[in-house]
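This report refers to the structure that appears directly beneath it.
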Amino acid sequence: MSDAGQNHGNRAQQAERRAEAYRLKLRGLSDRAVAAQLGVSHTTVQNWTKQEADELVLPLAAEYRNVQLERLGEMRQSALLVLERFHYTVSQGRVIKDFDGQPIEDDAPQLAAIDRLLRIEERIAKLLGLDAPTRAEVEARVEPKPAELLDLITRAKQQQEEDEARLTEGPA
């Protein structure tokens, strides 16, 4: 029974030390400075601050993600309603009709709804991490250096070595 109570006390103390390490890191101290202050290794401080950040930040991030997904779902439903609705072409406050007297459909609101739906879907995919990482190809062109320049560099390096040797040898 007493061992369980001790473990609980140790866990509570450990959690407090971890929280203290996190607070010190937030104040700008280095891992080594925090480690010295708390009497642990800097890798322990790194582990503690990561654990503390995960416990504090990850639940908030998940909650924020869920709120955003809910809002995006509502926006998506509104855009779908616009997409499914029939829209009349209107000019100067009047519905435009064809030669048979039938109202002419306006595609612009539906196309705008499609564009909006795509943007909403892209944002949902980003929030859920569904997009593949972006790959980039880098092409480098190396211009050959003129022989004269390489010769100058070589002579300068030799001169520097000779000067260093003279300085280390001291006066003759």
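Throughout the sequence shown, residue numbering follows the working numbering, covering 34 to 205 in sequence. From the three backbone atoms N, C-alpha and C, an ideal C-beta is built for every residue, glycine too. The structure presented is a predicted model; accordingly, all values stated were derived computationally and were not measured.
Item to check | Which of helix, strand or coil DSSP assigns to Arg168 | outcome: coil
Next on the checklist: Just verifying my parser: in three-state terms, what is the DSSP assignment at Arg109?
Outcome noted: helix
Checklist entry - Relative to the alpha-carbon of Glu117, which residue among Thr76, Gln70, Pro136, Asp140 has its alpha-carbon at the smallest distance? => result Asp140
Checklist entry - Counting only runs that start and end within the segment 121 to 175, where is the alpha helix (DSSP H) found for 4 or more residues in a row? => result 141 to 161
Checklist entry - Roughly how many whole angstroms lie between the Cα atoms of Arg168 and Ala86? => result 29 Å
Checklist entry - Pick from Lys83, Ala54, Glu202: whose alpha carbon is nearest that of Gly72? => result Cα-wise, what sits closest to Gly72 is Ala54.
Next on the checklist: Cutting at 6 Å between CB atoms, please list the residues of its own chain near Ala146, excluding the five before and the five after it.
Outcome noted: Ala112, Val115, Leu116
Checklist entry - Just to confirm, are Val78 and Ala68 a CB contact at a threshold of 7 Å? => result yes
Checklist entry - In three-state terms, what does DSSP make of Pro179? => result The answer is coil: DSSP assigns Pro179 none of H, G, I, E or B.
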